[in-house]
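Asker:
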Amino acid sequence: SAVISQKPSRDICQRGTSLTIQCQVDSQVTMMFWYRQQPGQSLTLIATANQGSEATYESGFVIDKFPISRPNLTFSTLTVSNMSPEDSSIYLCSVEGGQGSFGYTFGSGTRLTVV
Amino acid sequence: GENVEQHPSTLSVQEGDSAVIKCTYSDSASNYFPWYKQELGKGPQLIIDIRSNVGEKKDQRIAVTLNKTAKHFSLHITETQPEDSAVYFCAASLRTDKLIFGTGTRLQVFP
Chain C
1 SAVISQKPSR
11 DICQRGTSLT
21 IQCQVDSQVT
31 MMFWYRQQPG
41 QSLTLIATAN
51 QGSEATYESG
61 FVIDKFPISR
71 PNLTFSTLTV
81 SNMSPEDSSI
91 YLCSVEGGQG
101 SFGYTFGSGT
111 RLTVV
Chain P
1 GENVEQHPST
11 LSVQEGDSAV
21 IKCTYSDSAS
31 NYFPWYKQEL
41 GKGPQLIIDI
51 RSNVGEKKDQ
61 RIAVTLNKTA
71 KHFSLHITET
81 QPEDSAVYFC
91 AASLRTDKLI
101 FGTGTRLQVF
111 P
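One line per chain: the protein sequences are C and P, in this order. Under the numbering used here, the first sequence has 74 at position 74, and the numbering climbs by one with no breaks. Under the numbering used here, the second sequence has 61 at position 61, and the numbering climbs by one with no breaks.
If you want it as structure tokens, here you go:
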């Protein structure tokens, strides 16, 4: 299965600022997914990022708040903009298999605290 | 859209006992059902999955069963060990599409 490197692993940010999270995959993948996991909660999909096209956002998430870049088949970034304490969560990237593998792999996540 | 319900939210068992976690899904078109284990401070790790053309799959102490008619699937862990303690998530999707996750089950295995 694919190996994902996600960074930063954690950060504490001031409200009103922005944070960009990076996701690097060791193989080329068509789709990359960004999830949010609020404290003690399940995973909620933010958006799906395909290389060469605009990301597709789920209901309740907008591009102005969570801009995504997907410059190539192994890399993506998610920015959390104009942060508030309600944005404190774990943010995870995920890819489907990679190299013909089956199943979705997740990065280790970015634990964000907004103060 | 797809909706996945998961029960129980917490489960405590004695080491060596079995644990069962159940999920139901709403979209009959879903055809892929993975289970993830998430330990504290880590991302979810895929432990077993099943496709809709299979009724049961087993991997050592872990098994998953799928009932397409009833739209539910279950995770079975036998001979539980303290290191099985974690949060478990079920999910459902159309193959190659996004995963929709259940609400999670916190499993505690007491020595």
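Where a beta carbon is used, it is the ideal one built from N, C-alpha and C, also for glycine.
For K33 (chain P) and L66 (chain P), which I take to be in contact (beta-carbon distance under 8 Å), what is that distance rounded to the nearest angstrom?
Answerer: First, the amino acid is wrong: residue 33 (chain P) is Phe here, not Lys. Right, their Cβ atoms sit about 6 Å apart.
Asker: Using the DSSP secondary-structure output, state which residues sit across from D59 (chain P) in a beta bridge.
Answerer: Partner(s): P:I62.
Asker: Do the region 85-102 of chain P and the region 19-37 of chain P make contact, defined as three or more Cβ pairs closer than 8 Å?
Answerer: Cβ pair count under 8 Å is three or more, so yes.
Asker: When you check each C-beta in the region 23-55 of chain P against every C-beta of chain C, which residues fall closer than 7 Å?
Answerer: Cβ contacts with chain C come from P34, K42, G43, P44, L46, D49.
Asker: At 8 Å on the CB atoms, spell out the chain C contacts of G102 (chain P), in chain order.
Answerer: Simply S42.
Asker: Could you please give me the residues that DSSP links to N67 (chain P) through a beta bridge?
Answerer: DSSP output for N67 (chain P) lists P:H72 as bridge partner(s).
Asker: Under 9 Å between C-beta atoms, does K98 (chain P) make it to chain C?
Answerer: So, interface residue.
Asker: Could you check which residue in C:Y35, C:Q41, C:G40 has the C-alpha nearest to that of A47 (chain C)?
Answerer: Nearest option by C-alpha distance: C:Y35.
Asker: Below 9 Å on C-beta distance, what does F89 (chain P) contact in chain C?
Answerer: Going along chain C in sequence order, the residues near F89 (chain P) (Cβ under 9 Å) are S42, L43.
Asker: Name the chain P residues that come within less than 7 Å of G52 (chain C), Cβ to Cβ?
Answerer: None at all; the shortest Cβ gap to chain P is about 17 Å.
Asker: Taking C-beta pairs closer than 9 Å, name the residues in chain P that L73 (chain C) reaches, listed in chain order.
Answerer: Going along chain P, no residue has its Cβ under 9 Å from L73 (chain C), so there is no contact; the nearest lies around 16 Å.
Asker: Does the contact criterion of 3 or more C-beta pairs under 8 Å hold for the region 76-95 of chain C versus the region 4-23 of chain C?
Answerer: Because the criterion of three Cβ pairs below 8 Å is met, the region 76-95 of chain C and the region 4-23 of chain C touch.
Asker: Given that Y57 (chain C) touches chain P, what residues does it touch there, using C-beta distances under 9 Å?
Answerer: Per Cβ cutoff of 9 Å: no residues; Y57 (chain C) is ~12 Å from chain P at best.
Asker: Assign D84 (chain P) to one of three DSSP states: helix, strand, or coil.
Answerer: If DSSP states are grouped into helix, strand and coil, D84 (chain P) belongs with the helices.
Asker: In this structure, what does DSSP give as the bridge partners for D149 (chain P)?
Answerer: Residue numbering for chain P in the displayed model covers 1 to 111; residue 149 (chain P) lies beyond these limits and cannot be assessed.
Asker: Where do the N-terminal and C-terminal ends of the beta strand (DSSP E) with F61 (chain C) fall, by residue?
Answerer: No beta strand (DSSP E) contains F61 (chain C), which DSSP labels as neither H nor E.
Asker: For R36 (chain C), decide whether its Cβ has a neighbour in chain P, counting only Cβ atoms nearer than 9 Å.
Answerer: Not an interface residue.
Asker: Does any residue of chain P have a CB that is nearer than 9 Å to the CB of L19 (chain C)?
Answerer: Taking Cβ atoms only, chain P never reaches closer than 9 Å to L19 (chain C), which makes this a no.
Asker: Anyone know if the C-beta pair for A49 (chain C) and S69 (chain C) falls short of 9 Å?
Answerer: Yes; because the gap between Cβ atoms is below 9 Å, this pair is in contact.
Asker: Please go through the same chain and pick out, in chain order, the residues whose beta-carbon is closer than 7 Å to the beta-carbon of S96 (chain C), but skip the five residues on each side of it.
Answerer: A small correction: the amino acid at residue 96 (chain C) is Glu; Ser does not occupy that position in the sequence shown. So the qualifying residues of the chain are V29, M31, Y104.
Asker: L112 (chain C) versus chain P: which residues are under 8 Å apart at the beta carbon?
Answerer: Simply none; closest approach about 14 Å.
Asker: Just verifying my parser: in three-state terms, what is the DSSP assignment at P71 (chain C)?
Answerer: Correct three-state label for P71 (chain C): strand.
Asker: Which whole-angstrom value is the C-beta distance of L112 (chain C) and S76 (chain C), which I expect to be below 8 Å?
Answerer: About 17 Å; that fails the 8 Å criterion.
Asker: Contact criterion: CB-CB distance below 9 Å. Does G16 (chain C) meet it with respect to chain P?
Answerer: No, no contact with chain P.
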